[in-house]
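A short worksheet on the structure shown next.
Number of protein chains: 2
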Amino acid sequence: MFGTSVTFLRNSSNNMPQNEISVLGAGLVGSLLGSLIKEKGFSVDVYEMRTDPRSSEVKGGRSINLALSHRGIRALQLAGVYDQIKNELIPMKGRRMHDLNGELYTQPYGKEHEFINSVSRNGLNQLLISHAENRGVNFHFDHKCTDINLDETIISFTNGKSVHSKVLLGSDGAYSMLRQKMEHKDRFNFQQHYIEHGYKELRMEPRNGTFAMEPNFLHIWPRGNFMLIALPNPDCSFTCTLFFPFEGHLSFESLREPNKVEGFFKHYFPDVIDLIPDYLEQFQQNATSSLVTIRTSPWCYNNSMLIGDAGHAIVPFYGQGMNAGFEDCRLFMEWGEKLGFDWDKLLVFFSQHRKADADAIADLALNNFIEMRDHVADERFLNIKKVEARLQKAYPDIWLPLYSMVTFSDMPYSQAYKIGKLQKEVMNTLEEGFDPDRVELQPLIDRFNNLMQDAH
Amino acid sequence: MFGTSVTFLRNSSNNMPQNEISVLGAGLVGSLLGSLIKEKGFSVDVYEMRTDPRSSEVKGGRSINLALSHRGIRALQLAGVYDQIKNELIPMKGRRMHDLNGELYTQPYGKEHEFINSVSRNGLNQLLISHAENRGVNFHFDHKCTDINLDETIISFTNGKSVHSKVLLGSDGAYSMLRQKMEHKDRFNFQQHYIEHGYKELRMEPRNGTFAMEPNFLHIWPRGNFMLIALPNPDCSFTCTLFFPFEGHLSFESLREPNKVEGFFKHYFPDVIDLIPDYLEQFQQNATSSLVTIRTSPWCYNNSMLIGDAGHAIVPFYGQGMNAGFEDCRLFMEWGEKLGFDWDKLLVFFSQHRKADADAIADLALNNFIEMRDHVADERFLNIKKVEARLQKAYPDIWLPLYSMVTFSDMPYSQAYKIGKLQKEVMNTLEEGFDPDRVELQPLIDRFNNLMQDAH
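Protein chains in written order, with numbering that gives the first Met the number 0: chain A, 0 to 455; chain B, 0 to 455.
Spelled out as structure tokens, the structure:
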């Protein structure tokens with residue numbers, strides 16, 4: 000498929016195993032990527048430090064379900080695996096907000112047929128591994144890396160084995176070992192930033208054999224500086240997640256005593272007490288985890304490249320972490336085709352051309368936390384959403400709301416981010432107390448068109 | 000001096016050496032810090048991976064001379080070591096700019112008695128080590144760290160030794176091992192950012208037994224996107240440094256062939272060719288180094304704390320890297336006194352209260368590169384400097400130029416940065432083509448006072 004490189008030949012003479020393509024990490028991105036690359040005729044070996052998830056109990060520490068949307072779906076379709084998962088998905092058509100009195104308000108995500116999908120992380124991961132394995136990808140579980148030699152592209156494992164690879168792709172997540180090795184190389188930019196909030200998951204059991212709340216929504220309890228959300232699971236439970244400050248007046252730190260937790264839930268989430276009767280035990284027993292944004296550049300060094308969370312882990316508030324990682328895989332393959340799978344060129348090209356999009360979705364995800372926890376209950380915000388829906392309907396070719404561009408389109412994240420900023424500028428011109436059903440649309444569109452022209 | 004902690008006792012029972020205060024790195028900051036802490040009656044051990052610089056040849060890789068100014072001098076005075084170095088300093092009263100034709104322009108740094116000082120990094124380092132050793136600090140050279148256990152505060156070395164410390168202070172520089180260990184702890188924020196420019200040093204030999212150029216200035220050849228600077232040395236040589244892009248049209252990468260280097264120097268630094276006859280050989284032989292900014296928070300974990308470059312390495316364009324590190328040491332001691340050397344409190348207090356200043360000087364240093372390489376030859380910029388000098392003279396209690404606040408005062412960097420922004424706002428109101436000698440000062444001061452009031 001490609002010419003044998005000098006590096007490849009030099010290492011062929013000793014006894015070290017020689018891989019064509021090695022992938023670090025058999026998570027969602029690694030297993031999908033392996034499958035896609037194998038399908039192009041390359042030999043692929045995937046190394047994973049954990050045990051095969053198909054043969055073991057799931058361990059905690061990662062979110063249980065995720066929101067799969069257009070970008071992720073396209074990549075799964077490209078791999079020919081979407082049809083196997085689609086019946087497991089639970090559509091979420093919009094946000095269902097719970098106010099302090101337990102009253103409900105609904106806000107659709109997009110048009111009638113546009114929704115996001117709750118999916119089990121572990122279920123999807125198992126499916127992707129089996130799919131890749133059926134295509135001939137070699138999986139090596141219980142293989143924990145001890146070292147990576149970037150100059151020779153050699154991975155060493157705790158079991159004493161070492162392997163040389165022509166190409167090494169690191170889909171080993173937010174705490175990537177491959178990235179750590181790159182960080183120590185000269186002129187490698189890196190940032191890890193933790194927000195002041197952590198999260199804790201609580202399980203809401205089914206009630207009378209079915210969902211305790213309306214399943215086809217993403218439920219939100221927006222509370223200003225913090226929020227609770229809930230996503231449905233196929234077993235009719237919900238996984239609820241509290242995003243909450245680590246320290247401060249109202250924080251995980253301030254809720255150490257049981258009576259304080261009880262007082263907190265009674266005041267802020269009165270309707271949840273009935274829905275999760277053992278909320279107190281769960282709150283005390285379940286782990287509190289942190290939320291990090293990772294930015295790096297470049298993503299490649301010699302024959303190695305980072306992909307997915309390893310290069311650009313983001314906070315979960317836009318539901319785009321997995322989708323961005325899957326889109327990485329699709330673009331990597333499309334650009335690979337264009338470059339005739341000249342790997343040297345492809346690694347650099349991907350690293351350069353995808354970076355702006357990774358930065359954009361990182362910012363968008365951070366901003367969306369403020370929107371979700373604070374603004375979704377805000378009248379002006381809701382009215383702007385209404386005007387946006389009218390604009391989208393009247394000018395479908397011109398006005399696509401930011402959420403839709405990010406969630407229901409293939410537009411590069413960086414472009415969506417830029418257009419979103421211009422849209423916000425337009426919406427900021429709406430006077431205080433405007434009537435969302437009567438605001439004239441033409442002047443708004445004219446303003447937007449002018450801004451778009453200026454931007455070019 | 001302080002109560003023995005539980006951790007301290009627990010480890011006392013085995014054979015591992017027990018230090019009171021350990022300092023990682025015997026560079027400028029580590030050796031000064033050791034000396035200051037020892038003087039308060041604590042036992043101090045300093046570990047350095049390199050050989051004792053007093054007994055070995057200096058290796059390359061670090062800048063040869065540095066600019067010592069007020070903040071650094073105050074800390075040296077506090078340690079009682081300033082008198083031993085002051086005769087070695089070469090005052091630099093201002094910038095001497097060299098234009099494309101070799102014409103010279105001078106711009107003073109401050110008032111008559113205000114100047115910065117060229118000092119030998121290695122000479123100062125040796126002096127600080129000897130000074131600390133005379134006070135009873137234990138230095139351990141050739142001690143390279145292999146691991147640090149932050150939870151137990153145990154350092155392990157390549158020679159197989161391990162040592163437990165009550166307090167561990169990491170002054171181990173921009174590539175700090177202590178910081179690397181902290182980075183892997185949850186919720187530790189970290190950023191390393193390399194600018195697109197690197198640097199290369201060239202030595203300008205003395206001429207006829209004396210300096211080849213006027214010694215009491217910092218010489219600059221500002222060239223827009225890049226620049227050459229020169230600082231005097233006590234042996235009548237100059238150390239010149241070219242700050243230049245790594246890649247691009249005019250870059251280290253583009254100057255690979257000798258004739259291109261020659262063409263470049265002939266065009267951009269015609270007067271340097273005569274002053275450094277072997278510039279071509281030096282350009283080809285001397286290393287090209289990168290320039291990094293490091294930001295971290297927090298700076299402490301358990302009984303360990305970062306100080307100096309380890310917590311906040313900056314680019315060299317404000318001449319403040321060493322000065323900021325020395326000021327760290329002074330503030331650490333002053334705050335230590337206030338907190339009765341309650342180390343648990345002190346490490347957290349320092350980490351929290353010094354961070355904003357570190358961030359400010361990091362930004363100021365990045366911004367000053369643009370000023371030095373681009374604006375110092377700009378007419379409007381020079382005219383603004385003239386107006387600022389008039390303002391400082393007429394309103395000495397109100398208007399202190401940013402450069403003076405940073406270089407000749409003790410004002411927290413973060414405060415200087417904020418005031419500097421307001422001053423810039425005032426100066427931006429000056430109309431195009433203003434006459435610096437005639438501009439009315441009162442309206443400018445009024446505007447500035449208003450902005451200062453708004454900021455409070």
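By construction, the Cβ of each residue, glycine as well, lies at the ideal position given by its N, Cα and C atoms.
Contact annotation, Ser-296/A with Ala-355/A: C-beta distance approximately 10 Å; criterion of less than 8 Å not satisfied.
Here the alpha carbon of Ile-418/B sits roughly 9 Å from the alpha carbon of Leu-399/B. For Asp-44/B, the uninterrupted beta strand (DSSP E) segment begins and ends at 43-46. Distances from the CA of Lys-423/B to each of Glu-431/B, Ile-383/B, Tyr-174/B, Ala-454/B were compared; the closest alpha carbon is that of Ile-383/B. Burial check for Ser-170/B: the Cβ neighbour count within 10 Å reaches 16 or more, so the residue is buried.
Contact with chain A is found for Asp-185/B, since one of that chain's Cβ atoms lies less than 8 Å from the residue's Cβ. Annotation for Ile-20/A: the continuous beta strand (DSSP E) segment containing it runs 17-23. The DSSP-derived three-state label of Met-321/A is helix. For Gln-191/A, the nearest CB of chain B lies under 8 Å from its own CB, placing it at the interface with that chain.
In summary, Arg-255/A is exposed, with fewer than 16 beta-carbon neighbours lying within 10 Å of its beta-carbon over all protein chains present. With the rule of 3 Cβ pairs closer than 8 Å, the segment 191-211 of chain A does not count as touching the segment 94-112 of chain A. Around the C-beta of Ile-219/A, 16 or more other C-beta atoms lie within 10 Å, and the residue is accordingly described as buried. For Ser-250/B, no Cβ of chain A is located within less than 8 Å of the residue's own Cβ. Contact of Asn-188/B with chain A is assigned, a C-beta pair being separated by under 8 Å. Using a 10 angstroms sphere on the CB of Gln-441/B, the tally of other CB atoms stays under 16, which defines it as exposed. Annotated as distal: Leu-27/B and Gln-83/B, with beta-carbon spacing of 8 Å or more.
The beta-bridge partner set that DSSP reports for Met-96/B consists of Tyr-104/B, Ile-219/B.
Membership of Tyr-193/A in the beta strand (DSSP E) is indicated by the continuous run 188-203. For Pro-90/A, DSSP records a beta bridge to Asn-116/A. Contact annotation, Arg-372/B with Phe-225/B: C-beta distance approximately 6 Å; criterion of less than 8 Å satisfied. Distance between Leu-23/A and Glu-430/A, taken at the CA atoms: about 53 Å. Contact between Ala-131/A and Gly-33/A holds, since their C-beta atoms are separated by about 5 Å, short of 8 Å.
Contact between the segment 300-308 of chain B and the segment 42-58 of chain B is absent: fewer than 3 CB-CB pairs across the two stretches fall below 8 Å. Distances from the CA of Leu-31/A to each of Ser-55/A, Ala-74/A, Arg-70/A were compared; the closest alpha carbon is that of Ala-74/A.
For Asn-366/B, the enclosing alpha helix (DSSP H) covers residues 342-372.
Cys-328/A and Glu-182/A have their C-alpha atoms some 23 Å from each other.
Using a Cβ-Cβ cut-off of 7 Å, Ser-161/A is close to nothing in chain B; its nearest Cβ partner there is about 21 Å away.
At least 8 Å separates the beta-carbon of Arg-95/B from that of Phe-268/B. Taking the Cβ atoms as the reference, Ile-89/B lies roughly 15 Å from Tyr-81/B, outside the contact range of under 8 Å. When secondary structure is reduced to three states using DSSP, Ile-313/A falls in the coil class, being assigned neither helix nor strand. If you check the CB distance, Ser-236/A and Pro-276/A do not come in under 8 Å.
Not a single CB atom of chain A sits nearer than 8 Å to the CB of Ser-55/B. Selection Thr-428/A, His-455/A, Gly-432/A, Asp-434/A evaluated against Ile-444/A yields Thr-428/A as nearest (Cα-Cα). Arg-437/A counts as exposed, since fewer than 16 other C-beta atoms from the protein chains shown sit within 10 angstroms of its C-beta.
Residue pairing of Met-304/A in beta bridges, as defined by DSSP: Leu-168/A, Cys-299/A. When C-beta atoms of the segment 385-397 of chain B are compared with those of the segment 315-335 of chain B, fewer than three pairs fall below 8 Å, so the two segments do not count as touching.
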